[in-house]
Amino acid sequence: MNSKEMIARRIAQELRPGMLANLGIGIPTLVSEFVPENHGVFFQSENGVVGLGHRPPEGMEDFDLTDAGGTFVMAVPGAAAIDSALSFGLIRGGHLDVTVLGGMQVDERGYLANWMIPGKRVAGMGGAMDLVQGAKKVIVAMEHTAKGQPKIVRECDLPVTGVRRVSLVVTELAVIEPTDDGLLLRERGPGVSVSAILEATAARLIVPEMVPEMRF
Amino acid sequence: MNSKEMIARRIAQELRPGMLANLGIGIPTLVSEFVPENHGVFFQSENGVVGLGHRPPEGMEDFDLTDAGGTFVMAVPGAAAIDSALSFGLIRGGHLDVTVLGGMQVDERGYLANWMIPGKRVAGMGGAMDLVQGAKKVIVAMEHTAKGQPKIVRECDLPVTGVRRVSLVVTELAVIEPTDDGLLLRERGPGVSVSAILEATAARLIVPEMVPEMRF
Amino acid sequence: MKTAITVDEAAALIPDGASIMLGGFMGIGAPDRLIRKLAEIGRKNLTVISNDTAKPGYGPNPLLDVHAAKKLIASHIGKSPEAQRQMLAGEIEVELVPQGTLVERIRAGGVGLGGVLTPTGVGTEAQNGKQVVEIDGRPFLVEKPIRADFALISCWRCDYAGNLAYTMSAQNFNPVMALAADVVIVEPHEFVPIGVIPPDDVRTPGAIVDYIVGRAH
Amino acid sequence: MKTAITVDEAAALIPDGASIMLGGFMGIGAPDRLIRKLAEIGRKNLTVISNDTAKPGYGPNPLLDVHAAKKLIASHIGKSPEAQRQMLAGEIEVELVPQGTLVERIRAGGVGLGGVLTPTGVGTEAQNGKQVVEIDGRPFLVEKPIRADFALISCWRCDYAGNLAYTMSAQNFNPVMALAADVVIVEPHEFVPIGVIPPDDVRTPGAIVDYIVGRAH
Chain C
1 MNSKEMIARR
11 IAQELRPGML
21 ANLGIGIPTL
31 VSEFVPENHG
41 VFFQSENGVV
51 GLGHRPPEGM
61 EDFDLTDAGG
71 TFVMAVPGAA
81 AIDSALSFGL
91 IRGGHLDVTV
101 LGGMQVDERG
111 YLANWMIPGK
121 RVAGMGGAMD
131 LVQGAKKVIV
141 AMEHTAKGQP
151 KIVRECDLPV
161 TGVRRVSLVV
171 TELAVIEPTD
181 DGLLLRERGP
191 GVSVSAILEA
201 TAARLIVPEM
211 VPEMRF
Chain R
1 MNSKEMIARR
11 IAQELRPGML
21 ANLGIGIPTL
31 VSEFVPENHG
41 VFFQSENGVV
51 GLGHRPPEGM
61 EDFDLTDAGG
71 TFVMAVPGAA
81 AIDSALSFGL
91 IRGGHLDVTV
101 LGGMQVDERG
111 YLANWMIPGK
121 RVAGMGGAMD
131 LVQGAKKVIV
141 AMEHTAKGQP
151 KIVRECDLPV
161 TGVRRVSLVV
171 TELAVIEPTD
181 DGLLLRERGP
191 GVSVSAILEA
201 TAARLIVPEM
211 VPEMRF
Chain E
1 MKTAITVDEA
11 AALIPDGASI
21 MLGGFMGIGA
31 PDRLIRKLAE
41 IGRKNLTVIS
51 NDTAKPGYGP
61 NPLLDVHAAK
71 KLIASHIGKS
81 PEAQRQMLAG
91 EIEVELVPQG
101 TLVERIRAGG
111 VGLGGVLTPT
121 GVGTEAQNGK
131 QVVEIDGRPF
141 LVEKPIRADF
151 ALISCWRCDY
161 AGNLAYTMSA
171 QNFNPVMALA
181 ADVVIVEPHE
191 FVPIGVIPPD
201 DVRTPGAIVD
211 YIVGRAH
Chain D
1 MKTAITVDEA
11 AALIPDGASI
21 MLGGFMGIGA
31 PDRLIRKLAE
41 IGRKNLTVIS
51 NDTAKPGYGP
61 NPLLDVHAAK
71 KLIASHIGKS
81 PEAQRQMLAG
91 EIEVELVPQG
101 TLVERIRAGG
111 VGLGGVLTPT
121 GVGTEAQNGK
131 QVVEIDGRPF
141 LVEKPIRADF
151 ALISCWRCDY
161 AGNLAYTMSA
171 QNFNPVMALA
181 ADVVIVEPHE
191 FVPIGVIPPD
201 DVRTPGAIVD
211 YIVGRAH
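Okay, structure coming up:
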């Protein structure tokens with residue numbers, strides 16, 4: 001199991017039947033692969049589908065049906081197709097139970113930065129600012145470090161995506177919950193020591209007596 | 001031909017094929033009776049129908065299809081059913097070519113009052129304020145006087161429906177166009193003299209050399 | 001898959017003093033069974049949000065007839081003598097809102113906006129108490145969102161996933177109200193298998209519907 | 001009844017310097033024939049409003065490739081290296097707008113609102129230059145309407161009255177943009193007789209469609 005799969009599998013455990021969930025591009029998209037088709041969670045995508053399914057059989061793609069990343073998908077029975085105004089109405093209006101977003105940085109305030117690197121990569125925020133603002137629960141799915149540099153930092157030096165505290169951060173090393181008091185270390189990766197997590201993290205972490213291992 | 005029919009017939013002449021038109025409750029509703037079904041104008045109603053038709057054959061009413069007054073109607077071929085948000089989006093967004101509204105008073109500024117008599121009749125403005133604000137052209141359909149009292153006045157003493165100048169006022173006595181300079185008398189009713197119009201009007205009228213009779 | 005509750009169970013969810021949105025336009029597309037049941041069990045002090053009060057016997061009138069509402073937010077009460085009488089007698093608080101403003105305020109409440117800026121009502125009594133802002137030299141009223149504890153709506157078809165389709169002028173405020181309440185209760189005319197309503201024709205996704213009232217037996 | 005024009009005739013309606021809205025999301029549901037034709041005939045100084053720039057070859061990219069746009073308003077340009085390169089090189093002015101804000105601004109332009117108040121982007125770079133208002137103690141950004149000279153949209157089905165239906169994720173910005181431009185030009189995938197799209201399934205009424213691009217022969 002590689003890092004990305006581990007992160008996706010752990011986040012899949014957070015999804016419950018009947019939930020309306022949005023998965024961002026990248027690792028978040030992987031999450032759906034670890035949720036059975038008959039699970040009962042409804043995946044929503046920014047481009048206006050409620051009830052996104054897995055990839056269609058080769059040759060049976062509907063050219064008018066993709067996920068928000070542009071990858072061909074199926075729709076599950078009971079799916080709905082809506083326009084962008086209603087799609088973001090669901091997101092900003094608090095109808096979305098959970099969103100899973102990729103991240104460049106998360107800081108001690110629980111703020112997420114994931115939309116631009118000034119002077120370099122300018123992707124645009126897409127739907128990320130609405131999702132961070134509007135979803136009932138925001139889960140960040142990202143690798144713990146990038147090129148050896150910690151992505152969990154004291155304060156984001158990249159432009160933030162929102163000034164709302166995210167709900168949970170899941171990396172291959174740790175599950176971290178931003179709280180009133182700071183970043184709480186909830187779980188460690190399989191076989192990962194607390195000191196290894198602290199070493200890979202630039203932010204201060206609140207470390208409880210017991211930090212259980214992630215279970216899959 | 002009674003007063004109301006005369007007003008409705010005259011206003012029907014203002015409708016062109018391809019126009020999107022809204023008819024208010026009362027005399028305005030009558031207008032559609034003088035427009036052939038195959039005329040090409042599309043009647044929109046606040047309750048979300050684009051392409052309202054005449055009354056259905058007795059016994060063939062669709063209980064889910066009425067005009068804005070609650071009267072059963074048919075839909076024409078090519079009709080569309082939309083929600084109230086889009087219905088008023090069309091109205092306020094400038095997509096409506098013309099609205100025909102009933103009136104209690106019109107004044108020299110061209111302002112219309114048609115939604116309440118303080119302390120007495122409190123109907124509520126319904127869609128009237130949006131229609132007055134948003135339609136490209138606002139035509140007022142009303143009898144020239146009420147219980148002998150002029151309804152075209154120097155300044156409305158009833159609460160106005162909007163502070164936008166309406167486009168045209170059609171009564172059984174006259175067709176009047178509010179302009180920058182005041183109320184311009186455009187046409188007189190069949191056999192009606194200019195002095196009879198002036199006598200039934202509390203507002204100042206601009207009277208050109210020639211005031212042709214309405215033609216039907 | 002969703003399950004249905006009875007109209008009695010649905011009405012029991014709604015306490016005295018609740019704010020309720022009622023779909024419908026002149027009674028067309030109104031959740032009639034829920035309205036009559038709430039009147040029958042004697043709910044009090046409700047805040048009712050409805051486009052209009054329809055004519056006697058229709059729309060919200062059964063609730064007005066038994067004085068179940070302490071406040072009414074609507075655009076038009078002209079066809080209901082009882083609503084007009086209660087308003088003039090001071091028995092009910094009535095907030096009259098231009099219809100296009102009413103639907104946008106409910107939509108704003110449903111889609112997470114802090115409000116909208118509308119030109120409708122500028123310079124009229126509808127401006128009273130409202131903040132006015134200039135945008136590019138034109139005045140607009142700041143209209144705040146409206147939400148309710150419950151949205152009681154009706155629809156034409158409902159599938160087992162709770163997806164809703166509406167028909168003709170019975171659509172009106174129903175899909176917008178379905179977005180703007182903490183609890184959404186729908187009273188469908190018909191139930192159909194999943195797939196009968198194609199994804200493109202769903203106007204209210206089942207994911208935002210909380211309770212479905214089953215057929216009368 | 002409406003008639004169709006050719007893609008050449010449609011492109012000829014659009015002058016240099018025009019502002020154009022383009023439907024589509026990652027190229028899905030984009031008016032591809034119109035976009036390619038505008039690029040081919042060498043239009044210049046366009047202001048392009050589009051949710052995103054899609055990947056090379058898709059969505060607005062054919063226009064970007066020939067430097068037809070002087071300004072771009074979009075929520076995401078991450079899949080188009082050419083859009084990113086032109087932005088960083090200062091060859092094109094780019095206004096990045098959060099996606100939900102972009103669609104509400106276009107909708108506001110289309111439905112006659114002076115703007116909307118959104119919580120999205122408060123405290124971020126998206127707040128720069130925006131007015132902030134407090135509503136009931138919470139901060140919101142005042143977001144102004146966006147309109148364009150032309151909306152170029154695509155749809156699934158179009159009937160002879162110009163009524164449009166969309167399918168699956170190809171709907172996206174198309175119906176909203178159809179409201180927000182002086183001239184609406186649609187590029188349908190299919191033509192069907194009146195009645196094939198039931199009134200309840202029409203998402204864009206024909207009354208607001210100005211030009212229909214006929215099939216390629």
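Protein chains in written order, with the numbering used here: chain C, 1 to 216; chain R, 1 to 216; chain E, 1 to 217; chain D, 1 to 217. The beta-carbon is built from N, C-alpha and C at its ideal position, and this holds for glycine as well.
Check, Outcome
"Nearest-angstrom Cβ-Cβ length linking W156 of chain D and A148 of chain D, presumed shorter than 8 Å", "Wrong, their Cβ atoms sit about 23 Å apart, outside the cutoff."
"Under the three-state DSSP convention, the category A165 of chain E falls into", "strand"
"Within 9 Å, strictly: CB atoms of L113 of chain E and R92 of chain C", "yes"
"Cutoff 6 Å; reference T201 of chain C; Cβ partners in own chain excluding five residues on either side", "P150, I152"
"Cα-Cα separation between N163 of chain E and E134 of chain D, rounded to whole angstroms", "36 Å"
"Straight-line gap, D157 of chain R to R188 of chain R (C-alpha atoms, nearest Å)", "26 Å"
"Beta bridge counterpart(s) of K137 of chain C as assigned by DSSP", "C:V98"
"Reduced DSSP secondary structure (H/G/I, E/B, other) of G51 of chain R", "strand"
"Same chain, Cβ closer than 7 Å to P17 of chain C, neighbours up to 5 away in sequence not counted", "H39, G40, V41"
"Alpha carbon of P175 of chain E to alpha carbon of G24 of chain E, nearest angstrom", "11 Å"
"Continuous beta strand (DSSP E) stretch holding M21 of chain E: start and end", "19 to 22"
"G124 of chain R beta carbon less than 9 Å from that of D52 of chain E", "yes"
"The region 93 to 107 of chain D / the region 58 to 76 of chain D touching (three or more Cβ pairs under 8 Å)", "yes"
"Proximity to K2 of chain E [Cα-Cα], best of E:P193, E:R203, E:D200, E:F140", "E:P193"
"Cα-Cα separation, G123 of chain D to V175 of chain R", "56 Å"
"Proximity to S169 of chain D [Cα-Cα], best of E:V186, E:E190, E:D201", "E:D201"
"Q127 of chain D to G162 of chain C span [Cα, whole Å]", "11 Å"
"Sub-9 Å separation of A80 of chain C and G42 of chain E beta-carbons", "no"
"Same chain only: Cβ atoms within 7 Å of Q84 of chain D, ignoring 5 sequence neighbours per side", "I77"
"Residue interval of the beta strand (DSSP E) (run including N22 of chain R)", "20 to 23"
"V103 of chain D, DSSP secondary structure in three states", "helix"
"Beta bridge counterpart(s) of A181 of chain D as assigned by DSSP", "D:A148"
"CB contact check: R36 of chain E to chain R, cutoff 9 Å", "no"
"Coil, strand or helix - A196 of chain R by DSSP", "helix"
"First through last residue of the beta strand (DSSP E) which encompasses S50 of chain E", "46 to 50"
"Separation of P77 of chain R from G129 of chain E, as counted between CA atoms", "45 Å"
"Cβ separation of D181 of chain C and I197 of chain C, assumed to be a contact under 8 Å, to the nearest whole Å", "That pair is no contact at about 18 Å."
"C-beta neighbour in chain D for R92 of chain R, strict 9 Å", "yes"
"Interface positions of the region 98 to 132 of chain E facing chain R (Cβ-Cβ less than 9 Å), listed along the chain", "P98, Q99, G100, T101, L102, V103, E104, I106, R107, T118, P119, T120, G121, V122, G123, T124, E125, A126"
"Residue of D:N172, D:L141, D:T6 minimising C-alpha distance to I153 of chain D", "D:N172"
"Inter-residue spacing [alpha-carbon to alpha-carbon] between S80 of chain D and V48 of chain D", "15 Å"
"Interface flag, I27 of chain R vs chain E, CB-CB below 9 Å", "no"
"Coil, strand or helix - R36 of chain E by DSSP", "helix"
"Alpha-carbon spacing of R215 of chain C relative to H144 of chain C, whole angstroms", "18 Å"
"Backbone CA spacing between P178 of chain R and K137 of chain R [nearest angstrom]", "12 Å"
"Touching by the beta-carbon criterion (3+ pairs, under 8 Å), the region 179 to 193 of chain E and the region 67 to 74 of chain R", "no"
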